[in-house]
Structures are given as structure tokens and as C-alpha cells.
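Asks:
Protein chains in written order, with the numbering used here: chain A, 22 to 536; chain B, 33 to 402.
(1) Between residue 183/B and chain A, is the shortest Cβ-Cβ distance under 7 angstroms, so that the two count as touching?
(2) Sort 69/A, 58/A and 363/A by Cα distance to residue 550/A and report the nearest one.
(3) Jot down the residue ranges of each uninterrupted alpha helix (DSSP H) in the segment 93–178 of chain A, minimum 4 residues, whole runs only, in chain order.
(4) Rounded C-beta distance between residue 268/B and residue 376/A? I'm assuming under 8 angstroms.
(5) Can you tell me where the beta strand (DSSP E) with residue 246/A in it begins and where it stops?
(6) Taking 7 angstroms as the CB-CB cut-off, is residue 69/B touching chain A?
(7) Looking only at C-alpha atoms, which of 94/B, 369/B, 380/B and 226/B sits nearest to residue 63/B?
(8) Nearest-angstrom Cα distance between residue 197/B and residue 181/B?
(9) What residues of chain A sit near residue 275/B, judged by a beta carbon separation below 8 angstroms?
(10) Give every residue of the same chain whose Cβ lies closer than 6 angstroms to the Cβ of residue 319/A, excluding the five residues on either side of it in the sequence, and list them in chain order.
(11) Would residue 172/B and residue 130/B be called neighbours here (beta carbons separated by less than 7 angstroms)?
(12) Whole angstroms are fine: how far does the CA of residue 253/A sit from the CA of residue 384/B?
(13) What is the residue span of the beta strand (DSSP E) that residue 41/B lies within?
(14) For residue 80/B, count the other beta carbons within 10 Å of its own beta carbon; 16 or more makes it buried, fewer makes it exposed. Which is it?
(15) Between residue 428/A and chain B, is any beta-carbon pair separated by less than 7 angstroms?
(16) Which term fits residue 473/A, buried or exposed, when burial requires 16 or more other beta carbons within 10 angstroms of its beta carbon?
(17) Here's the rule I'm using: 16 or more other beta-carbon atoms within 10 Å means buried, otherwise exposed. How should residue 386/A be labelled?
(18) Touch check for the segment 276–289 of chain B and the segment 200–218 of chain B: three-plus C-beta pairs under 8 angstroms?
(19) Could you compute how far the alpha carbon of residue 353/B sits from the alpha carbon of residue 184/B?
(20) Nearest CA to the CA of residue 189/B: which residue from 126/B, 142/B, 164/B and 207/B?
(21) Going by DSSP, what residues sit across from residue 266/A in a beta bridge?
(22) So, residue 97/A versus residue 182/A, is the Cβ gap smaller than 7 angstroms?
(23) Which same chain residues, not among the five before or five after residue 102/A, have their C-beta less than 8 angstroms away from its C-beta?
(24) Nearest-angstrom Cα distance between residue 144/B and residue 164/B?
(25) Give a yes or no on whether the minimum CB-CB distance between residue 121/B and chain A is below 7 angstroms.
(26) Measure how close the beta-carbons of residue 312/A and residue 477/A come, nearest whole angstrom, since I'm counting them as under 8 angstroms.
(27) Is the number of C-beta pairs between the segment 336–351 of chain A and the segment 211–218 of chain A that are closer than 8 angstroms three or more?
(28) Whole angstroms is fine: what's the gap from residue 346/A's alpha carbon to residue 332/A's?
(29) Give a yes or no on whether the minimum CB-CB distance between residue 401/B and chain A is below 7 angstroms.
(30) Of all the residues that make up the segment 231–260 of chain B, which are near chain A by a beta-carbon distance shorter than 8 angstroms?
(31) Please state the DSSP three-state secondary structure of residue 383/B.
(32) Comparing C-alpha positions only, which one of 285/B, 343/B, 229/B and 266/B sits nearest to residue 156/B?
(33) Give the interface partners of residue 131/B over in chain A, defined as CB-CB distance under 8 angstroms, in chain order.
(34) On the criterion of 16 or more Cβ atoms from any shown chain inside 10 Å, does residue 74/B qualify as buried, or is it exposed?
(35) In the DSSP assignment, what residue or residues form a beta bridge with residue 349/A?
(36) Relative to the C-alpha of residue 343/A, which candidate in 373/A, 308/A, 364/A and 365/A has its C-alpha closest?
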């Protein structure tokens with residue numbers, strides 16, 4: 022293969038005029054770019070911009086309708102990912118595809134053509150450590166994958182691709198599951214790894230600072246089209262966002278100062294188990310006041326989900342108490358909590374927050390069926406429900422043909438707007454917002470965040486759970502970093518320093534206890 | 033795919049209208065009939081003659097038509113008993129046991145009124161008949177509620193529980209009607225006792241009054257699913273249990289409720305067959321066959337996609353084919369169960385044709401690629 026002769030700056034991959042249509046949409050419309058050896062070339066775009074389709078085309082999972090891919094100047098035709106792998110293209114998926122009970126070596130060798138019936142783990146191990154030395158990775162190859170941090174797992178995925186001979190690495194949202202310190206570490210090693218001969222193509226949705234720190238060049242996609250090819254040195258966060266969204270984006274949210282009222286939610290020493298029966302929430306105590314946003318910052322899987330579900334009445338508390346307006350609701354059902362003025366925006370908007378086969382009106386009814394105003398003698402007043410839905414659709418700018426559309430036909434952002442509209446229209450006293458902007462594009466994120474601030478202005482108490490530290494810092498009044506089911510402190514946002522919070526999210530207790 | 037000068041493609045369909053569904057079902061039936069004609073041919077019978085005999089006996093014969101209708105109503109009730117849990121995403125395989133329990137309930141009430149005496153004894157139908165129906169509802173509802181309760185509280189598998197209850201109820205009936213059991217009839221033929229003439233079910237337009245009840249029930253259930261809060265909650269639970277829980281819909285009450293309704297409707301099927309059909313009025317020796325027949329409720333429920341109104345014509349078709357098929361088999365001297373063959377093929381084609389609920393075939397002249 023000609024790869025051996027690759028020098029820094031050589032064009033290794035070219036994409037020319039790629040178009041891919043799906044029924045009703047053009048996912049990729051005449052896309053052009055090229056990738057050079059020794060370069061990190063980020064592909065940036067919101068959800069729905071066509072990144073996933075493009076990625077799948079590059080990895081041979083989809084075939085383009087028009088246009089072509091050229092590897093080392095030769096036109097190629099991928100029928101399956103195997104063809105792509107043979108030509109030195111590797112893919113690191115966003116969702117880890119590793120076996121937790123196996124060692125690092127075993128995971129790396131899995132699926133490798135040489136892993137036939139007999140494994141020579143010793144030789145493989147030597148080859149992999151050679152690879153590690155060459156690209157500057159430090160991983161314990163004998164460790165089981167479940168013992169690794171998320172960042173290390175990412176490295177294993179990268180090693181796996183490299184071991185199969187990848188020279189062009191596609192990274193799908195490389196830092197999405199990482200805490201800030203780990204993100205930093207990973208980015209540094211990617212830079213070192215790239216060196217002279219690799220080409221790295223990270224696909225990134227909205228983490229603009231990462232694009233700016235890591236990449237050499239950026240290609241921005243919007244609605245299936247390339248809107249810009251930029252040298253990263255010439256780009257700023259604002260210019261990238263503008264290319265991505267197609268209009269100017271206000272990054273600073275108007276902070277609303279609301280006089281803090283009496284406590285709405287009081288939680289005492291609350292603990293709970295996760296689905297596997299392990300202690301995932303280890304005795305947290307806090308309160309949320311009227312007109313206050315308490316932000317819970319953490320990397321996913323540190324007990325936030327369990328906390329949200331216990332508070333919403335969807336999971337039994339193992340111990341401790343929850344008070345809503347001074348009434349003990351620890352043993353109340355989810356329905357009783359809705360009736361008492363709690364509102365919950367779940368993190369899983371597709372399987373929990375909505376019912377795909379139900380119409381939008383029926384989805385809105387999920388939070389209103391228990392309301393006597395909308396039914397008489399048990400018969401639903403569907404005209405009223407439809408009217409409410411149409412009001413919410415127009416007020417929240419949900420893009421949908423009407424209230425009869427099914428929820429599954431909405432995009433993520435529109436679905437989240439609908440859920441938000443439905444929950445907020447009940448004027449909850451306490452709102453639990455679990456990852457309210459996860460996976461949303463810049464425009465929808467901005468919208469959701471502003472709606473949360475509006476609710477705060479109307480004196481709701483808000484518990485905001487987020488993995489996005491910027492979001493936590495810009496919205497919350499107080500910040501509680503969570504690590505392995507415990508709060509590492511509760512800090513007023515004025516005193517919260519980014520680095521401190523980031524360190525606490527990774528499990529480091531602050532030197533001086535602050536409250 | 034290319035066929036001659038045409039390009040043929042499958043496209044996903046988002047919605048299917050009632051008319052399209054009806055046309056697709058009719059096509060499926062025609063295909064099934066065409067396939068079974070091969071069986072007729074193989075048996076040396078002209079399929080046209082065979083079908084003519086089946087359909088004319090089932091739907092245009094003075095003796096055959098009432099039998100068809102009675103059977104179909106029985107199947108319709110079993111279908112409704114299956115559909116209600118189905119809409120909650122749960123499988124009721126226990127219509128047999130529930131209808132046995134319903135029959136036992138009805139005959140226990142009649143027994144309490146002293147009905148086991150002579151055929152000519154005089155009981156007040158206005159009191160006894162409704163009481164017997166209440167007995168059937170209680171019997172069916174009680175045994176039906178068990179899998180629902182266990183599902184909600186302990187998350188047991190409702191399929192296993194209902195199937196086990198089928199067995200229990202089957203042998204319970206056997207105990208009650210045979211060899212000295214409390215419901216044993218006078219003839220000593222292993223049958224239940226016969227109801228006195230005075231409490232025979234009243235006829236409406238020549239058929240037992242349970243026919244309009246069954247049709248009304250199907251309409252009522254349709255209304256429940258289309259318009260009521262209860263129906264909304266059941267459907268929500270069926271479409272997405274986790275979303276239903278999020279909305280505060282009880283994961284305990286929904287399974288209990290749907291199985292309770294299912295059991296009640298099955299119980300009425302038991303009343304309909306054993307206590308309301310002309311010429312029966314007892315728990316017959318071959319009551320197990322009725323249990324087998326109740327399983328057609330599953331197929332009808334699946335074909336009607338959980339719509340109780342759509343279940344009416346399908347139950348009628350199935351009732352007619354079992355009835356006509358069995359008749360023709362004797363008449364044309366076919367040596368095997370043509371009714372089962374026909375129903376079996378019909379089930380397969382109906383289910384296979386549901387593919388077209390979600391896909392449509394489009395074709396257009398293929399263009400030269402540029």
C-alpha cells in the first residue's frame with residue numbers, strides 16, 4: 022500500500038461532491054473537503070447538519086448517491102466498513118464498543134483478522150505496547166476495561182483502530198463522556214498521536230472550544246451543505262457558531278437575579294440504588310429555594326440519574342427524606358408529585374419524556390390527563406387538549422404540521438421544546454431538569470436555557486442536572502459537583518472557579534470546605 | 033430492483049387508512065383462498081365447488097348461519113378479552129381458563145337458585161338470568177385478575193400465569209361436572225346439569241340476547257380506547273411503560289385493570305356459549321374444544337391490530353370458516369381437517385399482508401443513469 026510513503030501535508034483523503042438523499046431530505050448536499058496527513062481536521066455541525074450520514078459514508082456504512090471518495094488520489098467504492106478498514110480508515114464510535122469484563126489487550130484484538138482460534142496475547146501485547154510508545158499513549162494493557170476511566174476507554178478505542186492499521190481516524194464526539202480534566206488529557210494525546218503521518222477527523226456537535234484547541238482546520242456543515250472551510254487559526258468561537266447556525270448567536274445568557282425565597286425542596290441524606298442494585302446515590306442533602314437554580318455538575322453515571330428519578334418518584338429512595346413545601350413526599354407516587362407541583366424533564370426524551378406513536382396532543386396530555394379540567398366523566402375533552410397543544414406549539418415555536426403529528430416525527434430539539442412546554446405550562450413549583458439541552462443544536466439550547474431562566478423569574482425552584490459545565494456555570498445560582506453519588510460541595514456560583522468545579526467533578530474534594 | 037423497463041422499489045408508509053387496511057385484508061383472504069384451492073385440487077375436489085359449499089353453508093343456510101353467528105360472537109368476545117391487555121402491551125393467553133371460570137360462575141349461581149332440579153321447574157328469569165351473568169363476570173374477572181395483579185406487583189410473566197390458570201380451570205370444570213361433582217348432570221355422561229327451560233336465555237330476532245351484548249361491548253371498548261382517560265392510560269402503558277410511569281400512570285393498576293376486563297369479557301363468552309345458546313344450556317362434555325376455539329381470539333386480535341370494531345368482521349369470517357369447513361369436510365368426503373388448513377393459511381397470509389400496512393410498492397419507468 023502506498024501509505025508507507027506518506028509525508029506530512031500529503032492529501033490522504035478527498036471527498037468530492039458527495040450527495041446522499043433520504044426520503045424527504047437531502048442529508049448531504051455536494052460535500053467537498055480534503056484531509057491531509059499530520060493534520061487534525063474537525064467536521065463541525067449541529068444535529069441534523071448531516072454529520073452522521075457523512076461519517077457513515079466515509080466508513081462504508083452508507084453509499085453516496087453522487088460524488089466520490091478518493092484515498093491517496095484513487096477513487097474508492099466502499100461496500101462495507103471492511104473496505105474502509107482495509108484502506109486504513111478507522112472509526113472511534115461515540116458509544117463505547119468495548120467488553121468491560123475483558124482486558125485492554127483482549128478488547129483491542131477482538132475482531133482483528135489475526136484473532137483466529139488461537140490468540141497469541143503475548144505477541145499482540147508487545148505489538149500494542151510498541152504502538153503505545155510510538156503514539157505516546159500510557160495505558161495498562163492488562164487492566165480490565167471496567168476498571169478504566171472514560172478517557173482511558175476512549176484511548177483503547179483509538180488503539181484498537183490503530184492496531185488494525187488505521188491511518189485516517191474518524192472520531193465521533195471524542196470528548197462527550199469526559200470530565201474536563203480528562204478531556205484535556207485526551208486532547209493532548211490526540212495531538213501527540215497525530216504526529217506526521219496520521220490524519221485525524223473529529224466530528225463535533227457543539228463543543229466549539231475543543232475545535233479551537235485541537236484542530237488545524239475546520240469544515241463546517243449546515244443542513245447538509247458545507248458552509249465554510251477554515252483554518253482554525255483564523256476562526257473564533259463566534260465565527261464558527263455563526264457558520265454553524267447561520268445567524269449570530271448570543272453566547273451570554275441574561276442572568277436573572279431573583280430574590281431568593283423560602284425553600285421549596287429539601288432533601289436530607291437521600292440515597293438510592295441504580296438498576297444493577299448498586300449504591301449509586303450516597304446520602305446527599307441540599308435544598309432548592311424559590312427563584313433559584315441549583316446546578317448539579319457531573320460526568321454521566323455519577324448518580325445524577327438516580328437522584329432525578331428518586332426525586333420524581335420513579336425510583337424508591339433507599340434512605341433519607343424529601344420535602345416539597347415542607348411536606349414529606351419521600352413515599353409519594355409520581356402522580357402525587359405532579360399534583361403537588363413538581364415538574365420533571367427527563368434526560369431520555371424519546372423513551373421516557375414522550376410516546377413516539379402518540380400525537381403531539383396526546384403527548385401534551387401526558388401531564389394533563391389527571392387534570393379534571395380536561396375530562397368529564399372520564400371522557401377526554403380532546404378539543405381542549407388540542408387547543409392547548411396548538412397554543413404550546415406556537416408559543417414555543419415547535420416546528421410541526423399540527424397537533425395530530427406523531428411525536429416520533431419531531432426532531433430532537435422540537436421534541437424537547439414540546440416536553441418543556443408541556444411541563445412548564447403546568448407552572449411547577451419545583452422543576453427538575455435532567456440534561457435539558459443534551460444533544461440539542463445551538464439554537465434549541467439557547468431557547469431551552471432561556472425558558473429555564475424565565476421559569477426562575479416566575480419563582481420556580483429549579484434543579485438543573487447537566488454534564489455541560491458551561492451551562493451549569495451560566496445558569497445556576499449554586500453549583501453542586503457530584504462524583505460517585507456524593508456532592509463534593511455546594512458552591513455559590515460567584516465563588517465557583519471552572520478549574521475547581523472540573524476537579525471536583527473528577528472526584529477531588531476541595532482543599533477548604535466551602536458551602 | 034429492476035423488472036423489465038420498470039424500477040420497483042419498496043417505500044415505507046407512515047400511515048394506513050381504514051380503507052387501505054380493509055383492502056389489504058381482503059387481498060390477503062383472496063390469496064389464502066387461492067392457496068387452499070391447491071389443497072382442494074389435490075384432494076380431487078373442484079375448489080369452486082368446495083368454496084361454494086363452505087360459504088353457502090356458513091353464511092346463506094338456515095341451519096348454518098345461526099351456528100356461524102353464535103360461534104363468531106364467541107370468538108368476538110374472546111378477541112375483545114385478548115385485545116384489552118394487548119393494548120397495554122400484555123398477552124392474555126388465558127381466555128380458555130377465564131371462560132371456563134365464567135361458565136362455572138354462571139352455573140354456580142343457577143345452582144344456588146335450585147336450578148339443578150327438574151327441566152320444567154319454574155324460576156324467575158328476570159332475576160336468575162342477570163344473576164347468572166354476574167356470576168360469569170365474577171368467575172372470569174376473578175381468575176383474570178390474578179395474572180394482572182401478579183404482573184403489577186411482582187412483574188411475573190403474564191403468559192406463563194395465564195397458561196397455568198387455563199390448566200387449573202380446565203380440571204376444575206372436569207371435577208365439577210364429572211363423577212359426582214356438584215354440577216354433574218342427571219344422565220351420568222360426564223356433562224354438567226341442564227338448565228331449566230324457564231331460564232333459557234331470551235332470543236332477540238331469533239338469536240340469543242348475548243349477540244347484541246357482545247356487539248355493544250366491542251363498541252364500548254372501542255370508545256374506551258378512542259375517547260376515555262382510562263383508554264389513554266392503558267395505551268400509554270402499552271406503547272411505552274417507562275413514559276407512562278414518568279407521567280404518573282400506575283404500573284400496578286394498569287395490568288390489573290386490563291386483565292380484569294379481559295377476564296370479565298371471557299367470562300361472558302363462557303356464559304354465551306354454555307348458558308345462552310339454543311340447544312346447549314349446560315357445560316358440555318367437549319367443553320375443552322371451546323377452550324381451543326378461544327385461541328382464535330389471539331389471531332383475530334392480532335389481525336385487527338387491537339381494534340375491537342375491526343375484530344367484528346374478522347371474527348365473523350373465522351366463525352364462518354370453521355363452521356362451513358367442518359360441514360364441507362363431511363359433505364364432500366375430504367379426509368382431513370379442511371377447516372384447520374383454511375384457517376391456518378388464512379392466518380399466515382393475513383399476518384404476512386400486514387407488511388403492506390407499513391410499506392408500499394412503487395414502480396416507475398427506469399431512467400438511464402447519467
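All C-beta atoms in this analysis are idealised placements derived from N, C-alpha and C, irrespective of residue type, glycine included.
Replies: Put simply:
(1) Under the 7 angstroms criterion on CB atoms, residue 183/B is classed as non-interfacial with respect to chain A.
(2) Outside the shown range of chain A (22 to 536) lies residue 550/A, about which nothing can therefore be said.
(3) Complete alpha helix (DSSP H) runs here, min 4: 102–107, 125–130 and 142–156.
(4) With 8 angstroms as the limit, residue 268/B and residue 376/A qualify as a contact, their Cβ atoms being about 6 angstroms apart.
(5) Start and end: 246–252.
(6) Nearest CB-CB separation between residue 69/B and chain A: not below the 7 angstroms threshold.
(7) Ranking 94/B, 369/B, 380/B and 226/B by Cα distance to residue 63/B puts 380/B first.
(8) Distance between the alpha carbons of residue 197/B and residue 181/B is about 14 angstroms.
(9) Here the neighbours are 372, 373, 374, 375, 376 and 387.
(10) Taking residue 319/A as the centre and dropping the five residues before and after it, the same chain places the C-beta of 325, 503 and 526 closer than 6 angstroms to its C-beta, in chain order.
(11) Cβ atoms of residue 172/B and residue 130/B: closer than 7 angstroms.
(12) Rounded to the nearest angstrom, the two C-alpha atoms are 56 angstroms apart.
(13) Counting along the chain, the unbroken beta strand (DSSP E) around residue 41/B starts and ends at 38–44.
(14) With fewer than 16 other Cβ atoms within 10 Å, it is exposed.
(15) Chain B, which has no Cβ nearer than 7 angstroms to the Cβ of residue 428/A, makes this no.
(16) That one is buried.
(17) Buried.
(18) Under the 8 angstroms Cβ criterion, the segment 276–289 of chain B does not count as touching the segment 200–218 of chain B, having fewer than three qualifying pairs.
(19) Straight-line measurement puts the Cα of residue 184/B at about 38 angstroms from the Cα of residue 353/B.
(20) The option with the nearest alpha carbon to residue 189/B is 126/B.
(21) Answer is none; residue 266/A lacks a bridge partner.
(22) Going by C-beta atoms, residue 97/A is not nearer than 7 angstroms to residue 182/A.
(23) So the list reads 80, 81, 82 and 112, once near-sequence residues are dropped.
(24) Near 10 angstroms, if we compare the C-alpha coordinates of residue 164/B and residue 144/B.
(25) Answer no: the Cβ-Cβ gap between residue 121/B and chain A never drops below 7 angstroms.
(26) Yes, they are in contact, since the Cβ atoms of residue 312/A and residue 477/A sit about 6 angstroms apart, within 8 angstroms.
(27) Contact between the segment 336–351 of chain A and the segment 211–218 of chain A is absent: fewer than three C-beta pairs spanning the two stretches fall below 8 angstroms.
(28) Each residue's Cα considered, the two are about 14 angstroms apart.
(29) Low per-residue confidence applies at residue 401/B: pLDDT is 45, beneath 50, and the placement is therefore not dependable, though the value from the model is reported in the following sentence. Taking Cβ atoms only, chain A never reaches closer than 7 angstroms to residue 401/B, which makes this a no.
(30) Those would be 259 and 260, in chain order.
(31) Residue 383/B: helix per DSSP, three-state reduction.
(32) Comparing Cα positions, the closest option is 229/B.
(33) In chain order: nothing, as chain A lies at least about 28 angstroms away.
(34) Counting other Cβ atoms within 10 Å of its Cβ, residue 74/B stays below 16 and is therefore classed as exposed.
(35) Beta bridge pairing from DSSP links residue 349/A with 344/A.
(36) Residue 308/A is the option with its Cα nearest to residue 343/A.
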